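J.: Would you mind keeping the following structure in view while I ask a few things?
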Amino acid sequence: MKKNNIQHNCFLIFLALFSISIIWLSFKHPWTKLSNVVIVEPTKVKFYDSDELKELEMNQILRGDFTSLEGIWRSQSGIDNGIQFLIRENCVLIDEKRYFLNLQGRAPYSGIYLTRPEKTAAAPLIIYPKGVAIPIIDDLGRIDLSGGLDPTDQTKIRILMAQSVLNREEVKRLTTYLVE
């Protein structure tokens, strides 16, 4: 029993010395000084809403980065009556011919003009962001900007290959949407 008492007392002395040394270290060590304390606050993650994404995408295109346009673009009237082309990197493939895309700038009616420099007389590709109406020439020769005559799906980004303002039927036939 005496041996157990000695072991028990030694253990208690060890535990007391260990506790005192931990307390002493915590007050003496520089990590406890207030000047060294760093308070980290969690940051809030903000997701982009659809309008911000649209603006980011348009700014990307205006900088000459066409990656958001990559894929197959096809008109709703199909390839027999309409148009289809492929955009990859900074090129457009139309009717088995490849053209480099070049940013020409903003179109007068909120679109973005892309040209094909190798084909000087070619119609530009005009990009219409989501929510932007394509101008339509009415039966009296007036240009409608209200969107009331626009037959396209304004909830999607669209590309129209045209040199001038078209009538409703031509816009419907030639406006392309990203399909892949």
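Sequential numbering from 5 applies to the sequence shown in this note's numbering. Glycine residues also receive a C-beta, built at the ideal position from the N, C-alpha and C atoms. Remember, it's a predicted structure, so these values are computed and weren't measured experimentally.
1) For a test of the three-state rule: what should DSSP assign to ILE161, helix, strand or coil?
2) Between the beta-carbon of GLY109 and the beta-carbon of ILE130, is there less than 8 Å?
3) Excluding sequence positions up to five away, which residues of its chain have a Cβ less than 6 Å from the Cβ of ASP148?
4) What first and last residue would you give for the alpha helix (DSSP H) that runs through LEU178?
5) Please report how far the alpha carbon of LEU164 lies from the alpha carbon of THR179, in whole angstroms.
6) Would you give the residue range spanned by the beta strand (DSSP E) that ILE185 belongs to?
7) The beta strand (DSSP E) that contains LEU90, what's its start and end?
8) Assuming PRO155 and VAL169 make a contact with CB atoms under 8 Å, what is their CB distance in whole Å?
9) Taking C-beta to C-beta, are GLU184 and ILE87 nearer than 8 Å?
10) Under 8 Å between the Cβ atoms of ARG162 and TYR132?
11) Using DSSP bridges, identify the partner residues of ILE131.
12) In the structure shown, what three-state DSSP assignment does ASP154 receive?
13) Which residues in the same chain as ALA137 place their Cβ atom closer than 6 Å to its Cβ, once the five residues preceding and following it in sequence are excluded?
14) Report the three-state DSSP secondary structure of ASP69 (helix, strand or coil).
15) With 16 as the cutoff for other CB atoms within 10 Å, does ARG102 come out buried or exposed?
16) For PHE89, count neighbouring Cβ atoms within 10 angstroms of its own Cβ and tell me buried if that reaches 16, exposed if not.
17) Does ILE26 pass the burial test, meaning 16 or more other C-beta atoms within 10 Å, or should it be called exposed?
T.: Put simply:
1) Locating residue 161 in the sequence shown gives position 157, where the first residue counts as 1. Residue state, collapsed to three classes: coil.
2) Translated into the one-based positions of the sequence shown, residue 109 becomes position 105. Translated into the one-based positions of the sequence shown, residue 130 becomes position 126. Against a cut-off of 8 Å, the Cβ pair of ILE130 and GLY109 comes out as no contact.
3) One-based indexing of the sequence shown puts residue 148 at position 144. Around ASP148: ILE140, ASP142.
4) Translated into the one-based positions of the sequence shown, residue 178 becomes position 174. Its alpha helix (DSSP H) spans residues 172–178.
5) As a working note, residue 164 is residue 160 in the sequence shown. As a working note, residue 179 is residue 175 in the sequence shown. Cα-Cα distance, rounded: 5 Å.
6) In the structure displayed, the chain extends from 5 to 184; residue 185 sits before or after that span and is not available.
7) Sequence index remark: in the sequence shown, residue 90 carries index 86 (1-based). 88–92 is the span of the beta strand (DSSP E), which, as asked, contains LEU90.
8) Residue numbering aside, residue 155 sits at position 151 when the sequence shown is read from its first letter. Residue numbering aside, residue 169 sits at position 165 when the sequence shown is read from its first letter. The pair is not a contact, with the Cβ atoms about 14 Å apart (cut-off 8 Å).
9) Along the sequence shown, read from residue 1 onward, the residue named residue 184 stands at position 180. Along the sequence shown, read from residue 1 onward, the residue named residue 87 stands at position 83. Not a contact, by the Cβ cut-off of 8 Å.
10) Taking the sequence shown and counting its residues from 1, the one referred to as residue 162 is at position 158. Taking the sequence shown and counting its residues from 1, the one referred to as residue 132 is at position 128. Contact: yes.
11) Residue mapping note: residue 131 aligns to position 127 of the sequence shown, counting from 1. ILE131 is bridged to ILE116, ILE163.
12) As a first step, residue 154 is located in the sequence shown; it is residue number 150 there, counting from the start. The answer is coil: DSSP assigns ASP154 none of H, G, I, E or B.
13) If you number the sequence shown from 1, residue 137 lands on position 133. Same-chain partners within the cutoff: GLY151, ASP154.
14) Indexing the sequence shown from 1 puts residue 69 at position 65. ASP69 falls in the coil class under three-state DSSP.
15) Here residue 102 refers to the residue found at position 98 of the sequence shown. Label assigned to ARG102: exposed.
16) The residue you call residue 89 lines up with position 85 of the sequence shown. The residue is buried, with at least 16 neighbouring Cβ atoms inside 10 Å.
17) By 1-based counting over the sequence shown, the position of residue 26 is 22. Looking at its Cβ environment, which holds fewer than 16 other Cβ atoms inside 10 Å, ILE26 is exposed.
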